[in-house]
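Trainee:
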Amino acid sequence: MRDAQAHPDAYPAFLAGRSIAAPLIVAIDAQNVFVLRQGLRREHVGAVVFTCAVIDAALMTVGVSGLAAAFGSKRLALNAVALAGVVLLVAYGAAAARRALKDQSMNINASGQAMTLQSALLQTLELSLLSPHVYLDTVLLAGAVGAQQAAALRPAFLVGAASASVRWFTALGFGARWLTPLFARPRAWRWLDAFVAMAMWALAAVLLKGVLQATPTLAL
């Protein structure tokens with residue numbers, strides 16, 4: 032990260048990584064519900080949060096480095112992946128906008144038998160790695176944006192993306208007792224989903240702009 036910080040454009044790349052990751056991980060899904068549940072029960076919170084954050088960071092690193100290595104200077108192929116990311120972001124934004132029009136809240140059951148550390152980690156891995164959306168979000172979407180960055184800026188981008196994941200899961204796990212009353216209110220989730228929808232559409236516009244600038248003929 033020291034080399035990335037020395038680059039004059041490292042901080043914008045860091046912000047780009049954080050901006051692309053934040054709306055992708057903020058959603059009502061089984062993984063987030065589980066992290067909140069463990070936070071309420073105060074069971075293995077640190078291990079669960081750490082595991083979720085590491086998985087996100089690893090998958091995003093695979094996405095960025097993998098796409099960059101696979102396509103390299105093949106700008107048309109990289110732009111095709113970026114356009115696929117634009118389509119997914121628009122679709123995700125539309126889904127978030129639809130959720131914003133409905134009343135919903137997290138259904139968290141904090142009761143039940145205590146979990147061992149091994150059981151908690153196994154369930155974290157299952158919820159994190161067996162969902163296809165995880166790979167679309169981290170490998171494809173974050174990878175498509177990160178691979179567009181110059182090689183010297185990709186570490187800063189990944190640090191920014193990973194920091195968004197760390198902040199979110201830390202807030203869910205260790206702030207569960209304060210966040211749960213808020214997230215139990217349908218209106219809170221409607222506002223959050225509305226923000227996610229706008230953020231994803233804005234990211235789609237930025238990604239599309241980058242593709243058009245890189246390939247001027249597409250803008251005709």
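Residue numbering for the sequence shown follows the numbering used here, starting at 32 and increasing by one per position. We put the CB at the ideal spot given by N, CA and C, even for glycine. All values reported here derive from a predicted model rather than from experimental measurement.
How would you call M231, buried or exposed, if buried means at least 16 neighbouring beta carbons within 10 angstroms?
Mentor: On the sequence shown, position 200 is the one that residue 231 refers to. Per the 10 Å Cβ criterion, buried.
Trainee: Could you give the distance in angstroms between the alpha-carbon of Q244 and the alpha-carbon of A225?
Mentor: Here residue 244 is taken as the residue at index 213 of the sequence shown, counted from 1. Here residue 225 is taken as the residue at index 194 of the sequence shown, counted from 1. Distance between the alpha carbons of Q244 and A225: 29 Å.
Trainee: Taking buried to mean at least 16 other C-beta atoms within 10 Å of its own C-beta, is W254 buried or exposed?
Mentor: As shown, the chain starts at 32 and ends at 251. That puts residue 254 outside it, with no answer to give.
Trainee: Do T82 and L152 have their C-beta atoms closer together than 8 Å?
Mentor: One-based indexing of the sequence shown puts residue 82 at position 51. One-based indexing of the sequence shown puts residue 152 at position 121. Contact: yes.
Trainee: Report, in whole angstroms, the separation of the C-beta atoms of S196 and A84, which I expect to be a contact under 8 Å.
Mentor: Here residue 196 refers to the residue found at position 165 of the sequence shown. Here residue 84 refers to the residue found at position 53 of the sequence shown. Yes, they are in contact, since the Cβ atoms of S196 and A84 sit about 5 Å apart, within 8 Å.
Trainee: Which class does P163 belong to by DSSP, given the choice of helix, strand or coil?
Mentor: To locate residue 163, count along the sequence shown from 1; it is residue 132. Note: P163 maps to helix in three-state DSSP.
Trainee: Could I get the ranges of all uninterrupted alpha helix (DSSP H) runs contained in the stretch 85-131, with 4 residues as the minimum, in chain order?
Mentor: Listed in chain order, the complete alpha helix (DSSP H) runs (minimum 4 residues) inside the stretch 85-131 are 106-131.
Trainee: So is R185 in contact with chain B if we call contact Cβ pairs under 8 Å?
Mentor: Any reference to chain B falls outside this structure, which holds one protein chain only.
Trainee: Have a look at A122 and A178 and give me their C-alpha separation to the nearest angstrom.
Mentor: For the purposes of this step, residue 122 is taken as the residue at position 91 of the sequence shown. For the purposes of this step, residue 178 is taken as the residue at position 147 of the sequence shown. Their Cα atoms are separated by approximately 21 Å.
Trainee: Just how far apart, CA to CA, sit S47 and V165?
Mentor: The residue given as residue 47 occupies position 16 in the sequence shown. The residue given as residue 165 occupies position 134 in the sequence shown. Sequence inspection shows Ala at residue 47; the Ser mentioned does not correspond to that position. Cα to Cα, the separation comes out at about 19 Å.
Trainee: Can you name, in chain order, every residue of its own chain whose Cβ lies under 7 Å from the Cβ of V79, other than the five neighbours on each side?
Mentor: Here residue 79 is taken as the residue at index 48 of the sequence shown, counted from 1. These residues qualify, in order along the chain: V66, Q69, A151, T155 and G204.
Trainee: Is it buried or exposed for R218, if we count other Cβ within 10 angstroms and need 16 for buried?
Mentor: Translated into positions along the sequence shown, residue 218 becomes position 187. Exposed, since its Cβ has fewer than 16 Cβ neighbours within 10 Å.
Trainee: Just tell me which of L90, A236 and R129 has its CA closest to the CA of S159.
Mentor: Numbered from its first residue, the sequence shown carries residue 159 at position 128. Nearest C-alpha to S159: L90.
Trainee: Return helix, strand or coil for G206, following the three-state DSSP convention.
Mentor: As a first step, residue 206 must be located in the sequence shown, where it is residue number 175. Note: G206 maps to coil in three-state DSSP.
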